[in-house]
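Everything below concerns the one structure shown next.
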Amino acid sequence: MMGPVLRATLLRALVVLLCFGLLAPIVIVAIASFSGDGYLKFPPETFSTRWYARFLGDPRWRQAIANSFMIGIMASVLATLLGFLAAYAMVRASFPFKRVVAALLLTPVIVPHVITAVAIYFLSARLGLVSVRPWIAVAHSLVALPVVLVILQSALRTVDPALERAAMVFGCTRWGVFRRVVLPLALPGVVSAALFAFLTSFDELVISIFLAGFRSETLPVRIWNSLLLEVEPTIAAVSTLLIAVTTLALGIDALLRRRRLGATPAG
Amino acid sequence: MPLKISGAFLLLLPALLLLVALFIVPIGWFLSSSIAELGTWAEIWAEAEDVLLSGAVGRSLVNTGAIGLIVTLLTLVLGYPVSYALSRVRGAAFTAILLCIVLPYFTSTIVRTYAWMVLLGRNGLINQILLGLGLVDEPVNLLYNRTGVIIGMTYVLLPYMVLTLYAAMKAVDPRLMQAAEGMGATPAQVFRRVFMPLTLHGVVAGVLITFILAIGFFVTPALMGGPGEIMVAMLIEREVEITQNWPSAALMTVVLLAVTLTLYAVYSRFAEPGEALR
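Chains as they are written, first to last, in numbering that gives the first Met the number 0: chain S, 0 to 266; chain G, 0 to 277.
Below is the structure:
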């Protein structure tokens, strides 16, 4: 038998090791992207920004950055809008088959993306919508919707229905209650949801592979296409940009969450 | 303030429309029209037997199941201690562990796959370490084979397992464990007879969600695997993009979809829908 102290120490060491293993690959790519060597080596012998220069100097990569942001913003707006309405209904109303509707709304993240991608491609090819950016954004909003729903349902649960009732009693219309009570109170959650919807679209690869065509390649699609040929160091610079966007989004979310928790000390 | 059913329906309508127009209708249309191309029911059945039992597809189905199982088990073994620690610590340690899970979780799959391609390459860090320690005499092939696929997929899926397990573990009332200790149970007994049974449903949910995601995986095995690790999702992509054999892609999709949805139905009995998302 191990003593409890030894066991606790071993568990702690194991957890530290695993956490290190989870974080290390991402950190290593970010560091290696600043390498000045001819091929990707870690630790790098010299440092430079040459891979960034090559990345940002290439018009195709620049186009991919623009595509990614454009599609991400459109997808985020659409998913947040639809998701907010649906989340409000899910939190405030009870209706038959609610569990089924809830499970159904989440299926786009469960069904393998390849299946969704092939099916949307099948539809898009017939409608002439392949490589149309707003259409790619609509497709992305489908997979971002479940993410938005989960975040907004939990945000809306913290909005006390009594406040809405009180506003109604004092003569506020439904729209007024929505605009002056629900939306302000749920706002940090809405911003978080929009952020994660953006991130979902920004990082989405499989649907984009099928829908992008040549004209609308996003960053992940460009990475995919070039990785099929070789593991080149420019990708480290591109990856670092994606990691930076994720880190930024998580940072903003953490700040918002602090505010959200600060606003409702009881919950 | 409670909403009427009609109001709820109107609010849900746009989201449901998106779901129908871009998910249910396209999948239904793709499957029905591609399979209808094959002819009568008898012909469809014959073709299904032909395709699904053929060497390449049969092997990929076996591969998919085997890789899915191995990856799921690995994420469970590696994820359990991390989730346990996460459910027991507070303050800065909690934030630190959470960050190590959430940052990879929200980083693009292709970036995480690329990171491991860099680490596992012939001149990569892992080989340098193995050589440096004298464990091997020449670089080991860790990429473009099953080892690479399993390492890559385990890494990508570990956060899903950890977050699902954590949801179950944080719901355990610590007073139950204190009570067991107070009545003379050893830590091992408390773990085995109180904590484990109370978190078992989380383990089932974590295993199901990880397996569901693993069998539909495409990006990581396509980039990190060799010709022996072709998974069914990769074959579906190839049939559509390269050979444009829609009927054959549709038949494989039916199998993958049926397995996924069945497991998802079981999963939703064990977990609140969306638990693993956040």
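Glycine is no exception: its CB is placed at the ideal position from the N, C-alpha and C atoms. Treat the numbers as computed from the prediction; the structure is a model and nothing was measured.
Assigned secondary structure, residue i (DSSP; H/G/I helix, E/B strand, else coil)
i, result
"F209 (chain S)", "helix"
"F190 (chain G)", "helix"
"F46 (chain S)", "strand"
"S191 (chain S)", "helix"
"S140 (chain S)", "helix"
"S247 (chain G)", "helix"
"A265 (chain S)", "Below a pLDDT of 50, predicted positions are generally treated as unreliable, and A265 (chain S), at 37, falls in that range; the measurement from the model is reported next regardless. DSSP places A265 (chain S) in coil when its eight states are reduced to three."
"S53 (chain G)", "coil"
"S34 (chain S)", "strand"
"I229 (chain G)", "coil"
"V158 (chain S)", "coil"
"A52 (chain S)", "helix"
"Y263 (chain G)", "helix"
"E216 (chain S)", "coil"
"L39 (chain S)", "coil"
"E236 (chain G)", "helix"
"A124 (chain S)", "helix"
"I100 (chain G)", "helix"
"S86 (chain G)", "helix"
"D136 (chain G)", "coil"
"F94 (chain S)", "coil"
"S225 (chain S)", "helix"
"S130 (chain S)", "coil"
"T239 (chain S)", "helix"
"M182 (chain G)", "coil"
"D172 (chain G)", "coil"
"I241 (chain G)", "coil"
"C18 (chain S)", "helix"
"A270 (chain G)", "coil"
"Y159 (chain G)", "helix"
Status (buried if at least 16 other CB within 10 Å, exposed otherwise) for residue i
i, result
"I96 (chain G)", "buried"
"R91 (chain S)", "buried"
"A170 (chain G)", "exposed"
"L11 (chain G)", "buried"
"W40 (chain G)", "exposed"
"L52 (chain G)", "exposed"
"F241 (chain G)", "Contrary to the premise, residue 241 (chain G) reads as Ile rather than Phe in this sequence. Exposed, since its Cβ has fewer than 16 Cβ neighbours within 10 Å."
"D172 (chain G)", "exposed"
"P187 (chain S)", "buried"
"F19 (chain S)", "exposed"
"A12 (chain S)", "exposed"
"N140 (chain G)", "exposed"
"V14 (chain S)", "buried"
"N126 (chain G)", "buried"
"W174 (chain S)", "exposed"
"A275 (chain G)", "Annotation note: pLDDT 49 at A275 (chain G) (below 50); position unreliable, coordinate value reported separately. Classification for A275 (chain G): buried."
Under 8 Å from the C-beta of residue i: neighbouring residues of chain S
i, result
"Y284 (chain G)", "As shown, chain G starts at 0 and ends at 277. That puts residue 284 (chain G) outside it, with no answer to give."
"F105 (chain G)", "F195, L198, D202, T245, A248 and L249"
"A114 (chain G)", "P24, I25, I27, V28 and S238"
Close Cβ partners of residue i (< 8 Å) along its chain, the five nearest in sequence each way excluded
i, result
"P264 (chain S)", "In this predicted model, P264 (chain S) has a pLDDT of only 40, less than 50, meaning its place in the structure is not dependable; the value taken from the coordinates is given anyway. Same-chain partners within the cutoff: there are none."
"E236 (chain G)", "F217 and A221"
"F181 (chain S)", "The displayed chain sequence assigns Val, not Phe, to residue 181 (chain S). Hits under 8 Å: Y87, L155, V158 and E163."
Neighbourhood of residue i by C-beta, 7 Å cutoff - its chain only, sequence neighbours within 5 removed
i, result
"L98 (chain G)", "none"
"V189 (chain G)", "M176, A179 and E180"
"L30 (chain G)", "A249, T252 and V253"
"F201 (chain S)", "S67, G71 and V244"
"S225 (chain S)", "E231 and I234"
"P103 (chain G)", "R111 and P158"
Neighbourhood of residue i by C-beta, 6 Å cutoff - its chain only, sequence neighbours within 5 removed
i, result
"L105 (chain S)", "P145"
"L9 (chain G)", "none"
"A78 (chain S)", "S140, A143, L144, V147 and A196"
"T63 (chain G)", "I214, M230 and V231"
Amino acids of chain G, ordered along the chain, whose beta-carbon sits closer than 8 Å to that of residue i
i, result
"F94 (chain S)", "I4, A7 and F8"
"T246 (chain S)", "L102"
Beta-carbon neighbours of residue i, restricted to chain S and to distances below 9 Å
i, result
"G205 (chain G)", "Correct list: empty, because the minimum Cβ distance to chain S is about 14 Å."
"E236 (chain G)", "V113, A116, V117, V205, I208 and F209"
"V56 (chain G)", "Neighbours of V56 (chain G) on chain S: none; closest Cβ ~15 Å, over 9 Å."
"T278 (chain G)", "Since the displayed chain G opens at 0 and closes at 277, residue 278 (chain G) lies outside it and no answer follows."
Any non-hydrogen atom of the ligand ADP closer than 7 Å to residue i Cβ
i, result
"Y51 (chain S)", "The model on display carries no ligand, and the ligand ADP is accordingly not part of it."
7 Å Cβ cut-off: residues of chain S touching residue i
i, result
"P13 (chain G)", "L81 and L84"
"S267 (chain G)", "A102"
Under 9 Å by beta carbon: chain G residues contacting residue i
i, result
"S140 (chain S)", "L17 and L21"
Item to check | Validate contact between the segment 218 to 226 of chain G and the segment 150 to 166 of chain G using beta carbons, cut 8 Å, 3 pairs | outcome: For the pair of segments examined, the segment 218 to 226 of chain G was found to touch the segment 150 to 166 of chain G: the number of CB pairs separated by less than 8 Å reaches three.
Item to check | Touch test, the segment 143 to 162 of chain S against the segment 83 to 97 of chain S, Cβ-Cβ under 8 Å, three pairs minimum | outcome: In short, these stretches touch, since the Cβ pair count reaches three.
Checklist entry - So does the segment 51 to 63 of chain S actually touch the segment 207 to 218 of chain S, counting three or more Cβ pairs closer than 8 Å? => result Segments in contact, yes.
Next on the checklist: With three or more C-beta pairs closer than 8 Å as the rule, is the segment 200 to 217 of chain G touching the segment 103 to 118 of chain S?
Outcome noted: Yes, the segment 103 to 118 of chain S is in contact with the segment 200 to 217 of chain G.
Checklist entry - With a cut-off of 8 Å, do at least 3 Cβ pairs link the segment 154 to 171 of chain G to the segment 62 to 82 of chain G? => result Using a C-beta cut-off of 8 Å, the segment 154 to 171 of chain G makes contact with the segment 62 to 82 of chain G, since at least three inter-stretch Cβ pairs fall below that distance.
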